[in-house]
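Enquirer: Numbering (my numbering), first residue to last: 1120 to 1433. Here a beta-carbon is modelled for each residue, glycine too, at the ideal position from N, C-alpha and C. Before I ask anything, here is the structure I am working with.
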Amino acid sequence: GMFKGDRSRKETLSEFGFRLPSCKDNRPLMFEEWEKFKGQTIYVSATPGKWELDKTSGVFVEQVVRPTGLVEPECLIRPAKNQVEDLMHECRKVIQDNNRILVTTLTKKHAEKITEYFNENGLSSKYLHSDIDTIERMEIIKELRTGVFDILIGINLLREGLDIPECGLVAILDGDKEGFLRSRVSLIQTIGRAARNIDGKVIIYADEITDSINEAKNETDRRRKKQNEYNEFNNIIPKSTKRKISNVGIYELSKKVNIKEKKETHGNNLKNHLKNLKQEMINEAENLNFEKAAILRDEIKKLEENEIGINDNE
């Protein structure tokens, strides 16, 4: 991927005369070339695939036991027919226990329609997909955790990096539709979203038990059994993980207000203002404050768009 991206960029630059054709000789290694040059290598993966396992020749160290004692969630498979109605029934039970629900679908349109249907039937839900910007996305996740609403419906919950201890149910709709988001590795990772909560469980809705579903369920059950044996041997009582809910909402709100205020006050100093914001963004990223860095990035983008009249809705 790095080689192809670099090649494409430099071909465009040399074609229009911004670089000499020889610039293409200075390039990243292709993956096959890297494999020949690499020395002794340690591979680390939470969900190794076939390629990684083949490289180990069957010799690897496994670390699946959690010190908290939390076991992998119970994984149920149900027919896809009437999946939305069945899920609504399950959601009501989970909400009674003051837990939250994550639902993964295959398309944006499906996520929006299910959200609308749930809300019409008395369930409090919101959807999350790529059309929602960083600021709003973080606010939605915070609202889910604090109980402003109970059900979050998305497409790629892996990309969102959701780590929500309050999640008591993960529902995977159309689980038998093979693809990237329904592969063995993706299913195992999605199932893991319910592993932070002692009451967590997963429901996969599928009319056909695909190889990916079967392998993901078997692996989850194997880890669940191993953790239970470890807990029993060491007298460990599982407890749900606890994670502080960061107060990003107030910070974001103040940022949104400041964006409009700054548009009116920076005047002819916009370039200097953008330069300062970019440096502030870099500093936040270097200090691992990625939430603040993302907010600053979005603010910079909006100011740059306003400068050239692309997003002038005022």
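From this set, 1240, 1232, 1224, which residue's C-alpha is nearest residue 1208's C-alpha?
Expert: 1240
Enquirer: Any contact between the stretch 1296 to 1316 and the stretch 1162 to 1175? By contact I mean 3 or more CB pairs, one from each, below 8 Å.
Expert: yes
Enquirer: Which stretch, first to last residue, makes up the alpha helix (DSSP H) that contains residue 1162?
Expert: Residue 1162 -> no alpha helix (DSSP H), and no H or E assigned at all.
Enquirer: With H, G and I counted as helix, E and B as strand and the rest as coil, what does DSSP make of residue 1138?
Expert: coil
Enquirer: Pairs of beta-carbons, one from the stretch 1319 to 1331 and one from the stretch 1171 to 1178, closer than 8 Å: are there three or more?
Expert: no
Enquirer: So who's on the other strand from residue 1324, going by DSSP bridges?
Expert: Paired residues: 1197.
Enquirer: Can you tell me whether residue 1141 is buried or exposed, with buried defined as 16 or more other CB within 10 angstroms of its CB?
Expert: That one is exposed.
Enquirer: If you count every other CB in all the chains shown that lies within 10 Å of the CB of residue 1312, and 16 or more means buried, which is it?
Expert: buried
Enquirer: Out of curiosity, what's the CA-to-CA distance linking residue 1159 and residue 1359?
Expert: 38 Å
Enquirer: Could you give the first and the last residue of the continuous alpha helix (DSSP H) run that contains residue 1404?
Expert: 1389 to 1405
Enquirer: How many angstroms separate the CA atom of residue 1216 from the CA atom of residue 1126?
Expert: 54 Å
Enquirer: If residue 1230 and residue 1273 are in contact, beta carbons under 8 Å, what's the gap, nearest whole angstrom?
Expert: With a Cβ gap of about 6 Å, residue 1230 and residue 1273 count as contacting.
Enquirer: Could you give the DSSP three-state label for residue 1274: helix, strand or coil?
Expert: Residue 1274 falls in the coil class under three-state DSSP.
Enquirer: What separation, rounded to the nearest whole angstrom, lies between the Cα atoms of residue 1320 and residue 1190?
Expert: 10 Å
Enquirer: Counting Cβ pairs closer than 8 Å, one from the stretch 1286 to 1294 and one from the stretch 1212 to 1227, do we hit at least three?
Expert: yes
Enquirer: Would residue 1162 be called buried (16 or more neighbouring beta carbons within 10 Å of its own) or exposed?
Expert: exposed
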